[in-house]
Ligand SMILES: Cc1cc2nc3c(=O)[nH]c(=O)nc-3n(C[C@H](O)[C@H](O)[C@H](O)COP(=O)(O)OP(=O)(O)OC[C@H]3O[C@@H](n4cnc5c(N)ncnc54)[C@H](O)[C@@H]3O)c2cc1C
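Protein chains in written order, with the numbering used here: chain Y, 18 to 275; chain R, 2 to 304.
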């Protein structure tokens, strides 16, 4: 069997974001990058399946982006992916989800993948489009937001998370694509021996121009902070003083402290 | 301008969130038609055109088949926008429609602006304005971003013929887990977010909850990491709460968390990041390390 997991590298979301020169995305200077959280669940699920199926199964991890994304690729290899495709694109952040999906589909189309795993969305863009669009382009069966996954003999049984904690159970035949939700599993930390082993795994570098054949369908015209609504009080300073201020406010504004 | 709105129906019922689509359309001043895979017995209170397919025969979740039905309605209506809710139903179907028609999709719209749409990004910390280059576009709108509007009346129903097929087999629903705490009744909730750092620190948050006579709540990552059980989770996939006092400790304020607690009477947030989106709805934002501030507050409250 052939498995593919698609990952994105995103900035630490606790960072401060400033617009870039064009004012259409964030300025990358001073940002620390890591693997998109949703994708960690996708990698873990793919690796678990890879381990269950054993010999004869090959798991490839793919990431589109500038050279910094190799860090996230290496982490996936250390988690247990067999090899990697780095689709080298310094301008990936300017592409819309349609182009990103088209690039992945162009890479995957002749490779005979049976199951593709993606995160349900990225933490920075949050469009939740790429996985489903890849499935459409490849003609794969697809389900989204999964919190449970099982595979047996050509059939995936997935548990989708719906609103309010209800789940929907679906079966789909491979070839199929699933988008992974937080809590699907507990992603492993790569161990030192596995980090060392991963250094020998192959990373194929493909310039994006070889795969990109579509124009963007949507364009970002501005990236900016939300308009401040105001109203709330912001308190800063010495912890002791903060505690006194908060207690005074709670006594004044709520009926819970007297 | 014309919109084709895609209504939602689950477990035999029209979902109330469907009316938010009308709220959105009325802000655009757009003409509307709706498509619903639902039932004759659960029609929306709306006097316009309704393309209806029977969920009993089409399945409530059968994206390939629902896609065919939507594409049929799109052909008849030629809408400018095909509008879904950004929900487990909408984000699953919308990209299929956009890809089939080779048109843009703009996800999780929170407002319409001059010729474009405003969407959140970077975990709700920032915004983007997005414009479609295609003449028609697929939109998903953020839950709760637009008011629910009941236009009233009864629809002119056009039944859609049911095509058979689809690559998925829907097995059934699994009900939400039984809760061991009912946060909906709590007057005070003190919630732990990822910012508390590690499982051992939950006791510190629990201590404040106890000192205040309240319950422990949690954001999703804290539940996913198994630091506390799911019954404490607040948000779209947890419980919806409206206590007199909600204390958010190390919680960034993602939309899915806010949806579960924004109706609280008073919100106190403790976060080391002054720009955390929780600050947008908090009555008081204390910029501090939770592990320093919370024990100090607990000590004073307990006294
Ligand atoms: C379909 C779907 C459904 C979801 N349902 C839910 C749901 O029901 N409930 C829910 O909560 N989430 C839900 N989520 C997840 C949601 O999008 C966020 O990922 C989640 O709410 C983030 O939790 P958090 O704020 O605890 O963590 P983070 O976003 O990681 O934020 C941690 C915060 O802690 C602060 N911090 C860090 N260290 C400290 C410190 N020492 N002192 C003070 N502050 C500190 C940081 O500044 C940051 O603001 C859902 C997501 C999806 C896609």
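For glycine and all other residues, C-beta sits at the position ideal for the given N, C-alpha and C.
In this text, all values refer to a predicted model and were calculated from it rather than measured experimentally.
Any beta carbon from chain R within less than 7 Å of residue i's own beta carbon?
{"i": "residue 204(Y)", "result": "no"}
{"i": "residue 141(Y)", "result": "yes"}
{"i": "residue 212(Y)", "result": "no"}
{"i": "residue 249(Y)", "result": "yes"}
{"i": "residue 59(Y)", "result": "no"}
{"i": "residue 125(Y)", "result": "no"}
Is there at least one non-hydrogen atom of ligand 1 closer than 6 Å to the beta-carbon of residue i?
{"i": "residue 106(R)", "result": "no"}
{"i": "residue 180(Y)", "result": "no"}
{"i": "residue 146(Y)", "result": "no"}
{"i": "residue 11(R)", "result": "no"}
{"i": "residue 158(Y)", "result": "no"}
{"i": "residue 111(R)", "result": "no"}
{"i": "residue 222(R)", "result": "yes"}
{"i": "residue 291(R)", "result": "yes"}
{"i": "residue 177(Y)", "result": "no"}
{"i": "residue 103(Y)", "result": "no"}
{"i": "residue 87(R)", "result": "no"}
{"i": "residue 151(R)", "result": "no"}
{"i": "residue 115(R)", "result": "no"}
{"i": "residue 200(Y)", "result": "no"}
{"i": "residue 31(Y)", "result": "yes"}
{"i": "residue 184(Y)", "result": "no"}
Taking the Cβ atom as the reference point for each residue, do residue i and residue j lie within a distance shorter than 7 Å?
{"i": "residue 197(R)", "j": "residue 232(R)", "result": "no"}
{"i": "residue 93(R)", "j": "residue 199(Y)", "result": "no"}
{"i": "residue 262(R)", "j": "residue 235(R)", "result": "yes"}
{"i": "residue 167(R)", "j": "residue 65(R)", "result": "yes"}
{"i": "residue 56(R)", "j": "residue 75(R)", "result": "no"}
{"i": "residue 209(R)", "j": "residue 191(R)", "result": "yes"}
{"i": "residue 23(R)", "j": "residue 131(R)", "result": "no"}
{"i": "residue 294(R)", "j": "residue 271(R)", "result": "yes"}
{"i": "residue 269(R)", "j": "residue 248(R)", "result": "yes"}
{"i": "residue 107(R)", "j": "residue 143(R)", "result": "no"}
{"i": "residue 113(R)", "j": "residue 6(R)", "result": "no"}
{"i": "residue 104(Y)", "j": "residue 81(Y)", "result": "yes"}
{"i": "residue 27(Y)", "j": "residue 53(Y)", "result": "yes"}
{"i": "residue 41(R)", "j": "residue 184(Y)", "result": "no"}
{"i": "residue 292(R)", "j": "residue 34(Y)", "result": "no"}
{"i": "residue 271(Y)", "j": "residue 267(R)", "result": "yes"}
Nearest chain Y C-beta to residue i closer than 7 Å, yes or no?
{"i": "residue 135(R)", "result": "yes"}
{"i": "residue 304(R)", "result": "no"}
{"i": "residue 80(R)", "result": "no"}
{"i": "residue 246(R)", "result": "yes"}
{"i": "residue 228(R)", "result": "no"}
{"i": "residue 127(R)", "result": "yes"}
{"i": "residue 238(R)", "result": "yes"}
{"i": "residue 52(R)", "result": "no"}
{"i": "residue 195(R)", "result": "no"}
{"i": "residue 297(R)", "result": "yes"}
{"i": "residue 130(R)", "result": "yes"}
{"i": "residue 57(R)", "result": "no"}
{"i": "residue 62(R)", "result": "yes"}
{"i": "residue 31(R)", "result": "no"}
{"i": "residue 89(R)", "result": "yes"}
{"i": "residue 76(R)", "result": "no"}
{"i": "residue 117(R)", "result": "yes"}
By a C-beta neighbour count over all protein chains shown, 10 Å radius and 16 as the cutoff for buried, is residue i buried or exposed?
{"i": "residue 96(Y)", "result": "buried"}
{"i": "residue 21(Y)", "result": "buried"}
{"i": "residue 206(Y)", "result": "exposed"}
{"i": "residue 126(Y)", "result": "exposed"}
{"i": "residue 40(Y)", "result": "exposed"}
{"i": "residue 169(Y)", "result": "exposed"}
{"i": "residue 232(Y)", "result": "exposed"}
{"i": "residue 34(R)", "result": "buried"}
{"i": "residue 223(R)", "result": "buried"}
{"i": "residue 235(Y)", "result": "buried"}
{"i": "residue 125(R)", "result": "buried"}
{"i": "residue 157(R)", "result": "exposed"}
{"i": "residue 119(Y)", "result": "buried"}
{"i": "residue 238(R)", "result": "buried"}
Taking 6 Å as the cut-off, is the beta-carbon of residue i closer than that to any non-hydrogen atom of ligand 3?
{"i": "residue 254(Y)", "result": "Although ligand 3 was asked about, the structure shown includes only ligand 1 as ligands."}
Contact set between the stretch 140-170 of chain R and chain Y, restricted to residues whose Cβ is under 7 Å from the partner: 168, 169, 170
Chain-ordered residues of the stretch 133-160 of chain Y with a beta carbon less than 7 Å from chain R: 140, 141, 142, 143, 144, 145, 146, 149, 150, 153, 154, 158, 160
Residues in the stretch 93-115 of chain R having any Cβ partner in chain Y nearer than 8 Å: 93, 95, 96, 97, 99, 100, 101, 103, 104, 105, 106, 107, 108, 109
Where the stretch 170-182 of chain R meets chain Y: residues whose CB sits under 7 Å from a CB there: 170, 171, 172, 173, 174, 175, 176, 177, 178
Under 9 Å (Cβ pairs) to chain Y, residues found in the stretch 278-296 of chain R: 278, 280, 281, 282, 283, 284, 285, 286, 287, 288, 289, 290, 293, 294
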